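Visitor:
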Amino acid sequence: MPELPEVETVRRGLNKLVCGKQIRVVKINYERMIQSDLAVFQAYLTNQMIYEVNRRGKYLLFNLGEKTLVSHLRMEGKYLRFPSAEVPDNPHFHVFFELSSNETLVYQDVRKFGTMALVDTTALDDFFVRKKMGPEPTETAFDLKTFKLRLSESQKKIKPYLLDQSLVAGLGNIYVDEVLWLAKIHPSELARNLSPQKVAVLRNAVIAVLAEGVKRGGATIRSYKNALGLDGTMQEYLKVYGKTGQSCERCGTAIEKYKLSGRGTHFCPKCQKLKKI
DNA sequence: CGGGATGTTGAGCA
DNA sequence: GTGCTCAACATCCC
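Structure follows, in structure tokens:
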């Protein structure tokens, strides 16, 4: 569930659930997912108040005051809520937060790719600078001039470049295919080949598609129910992702799928033509 | 059953 | 620096 709209939906769910509550006890079953010092993590979180849950890109940020718990869901991370300290056994439950309300927040991750780290709240900006995290996909933060310049200077293909988070934060494999379809750009198009007009269209598509995803509560694909924030309907509005062989909504041509930089890539061969050089 | 794919990211290599 | 491949891991689908 982890592109920006899904993470934002989870953030909203978490915010309602844990805001103003205290963590009584933290139990960690899979220590490797804690990237910062484990003993500090354990000690600091014990009896710690959660003030609010924020988000940057695909990262969840639990504001604990002086420190912030930074959580990334990667491919399949999920937060679940249980009404008491009694939590069923499950081999994929890795971190347990017992809250002052007696509820338990559980982090579940089948593939164990997710990460958590404790970061000084004042060092958060620096943390994301070091990760080369681009701006949030909003009208104000996502600057067109900078976007144009970066694209014009790159040899990269547009889809892998958009996925690396440095141009703009939050796109993943589903939404990037949707954005490129909306903007009528071939995923393998070289970034520098895009005209200034196309770049402007692309920026608008990024902002619009991710905003629509948030509005629909994210997409639920290959996910279980009952996870926080996972009642999204965006999957019903997808135009190309997972639509191989189905008709393009704009022109009726069959949607095709190929592999680009190791990622399944869906596009309309008629609407999204590669520029001939 | 074996191989490939799955919503991410970053290490390592040419 | 840049651009690509692959590994971390478990499950599902053909």
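Numbering (the UniProt record's numbering), first residue to last: 1 to 277.
Glycine residues also receive a C-beta, built at the ideal position from the N, C-alpha and C atoms.
Just so it is clear, the structure is predicted and the values come from calculations on it, not from any experiment.
Looking at C-alpha atoms only, which residue of Val179, Tyr258, Gly57, Asn90 is the closest neighbour of Lys198?
Guide: Comparing Cα positions, the closest option is Val179.
Visitor: Name the two residues that bound the continuous alpha helix (DSSP H) containing Gly213.
Guide: Gly213 -> alpha helix (DSSP H) spans 196-215.
Visitor: Rounded to whole angstroms, what is the Cα-Cα separation between Gln165 and Ile174?
Guide: Rounded to whole angstroms, Gln165 to Ile174 spans 14 Å at the Cα level.
Visitor: Select from Ser261, Asp231, Glu189 the residue whose C-alpha is nearest the C-alpha of Pro269.
Guide: Per the Cα distances, Glu189.
Visitor: Apart from the five residues on each side of it in sequence, which residues of its chain come closer than 6 Å, Cβ to Cβ, to residue 278?
Guide: No answer is possible for residue 278: it lies beyond the span of the chain, which begins at 1 and ends at 277.
Visitor: In the DSSP assignment, find the beta strand (DSSP E) that holds Thr122 and state where it starts and stops.
Guide: Per DSSP, Thr122 belongs to no beta strand (DSSP E) and is neither H nor E.
Visitor: Reducing DSSP to helix, strand and coil, say where Glu256 ends up.
Guide: It is a strand residue.
Visitor: Just to confirm my understanding: we take Gln42, look at its own chain, exclude 5 residues before and 5 after, and list those with CB closer than 8 Å. What are they?
Guide: Hits under 8 Å: Val26, Ile28.
Visitor: Roughly how far, in whole angstroms, is the beta-carbon of Leu202 from the beta-carbon of Gly170, given that I think they are within contact range, below 8 Å?
Guide: About 14 Å; that fails the 8 Å criterion.
Visitor: Can you find at least 3 beta carbon pairs, one from the region 147-162 and one from the region 112-128, that sit closer than 8 Å?
Guide: Cβ pair count under 8 Å is below three, so no.
Visitor: Would you be able to state if there are at least three C-beta pairs under 8 Å between the region 99-119 and the region 73-84?
Guide: Contact between the region 73-84 and the region 99-119 is present, because at least three Cβ pairs lie under 8 Å.
Visitor: I think Met116 touches Met49, with their Cβ atoms under 8 Å apart; what is that distance to the nearest whole Å?
Guide: Actually they do not touch by this definition, with Cβ atoms about 18 Å apart.
Visitor: Let me make sure I understand the geometry here. Which of Gly262, Asn102, His94 has the alpha-carbon closest to that of Ser84?
Guide: Comparing Cα positions, the closest option is Asn102.
Visitor: Short of 8 Å in beta carbon distance, which residues of its chain neighbour Leu45, apart from the five on each side in sequence? Order them along the chain.
Guide: So the list reads Ile23, Val26, Leu64, Leu69, Phe97, Leu118, once near-sequence residues are dropped.
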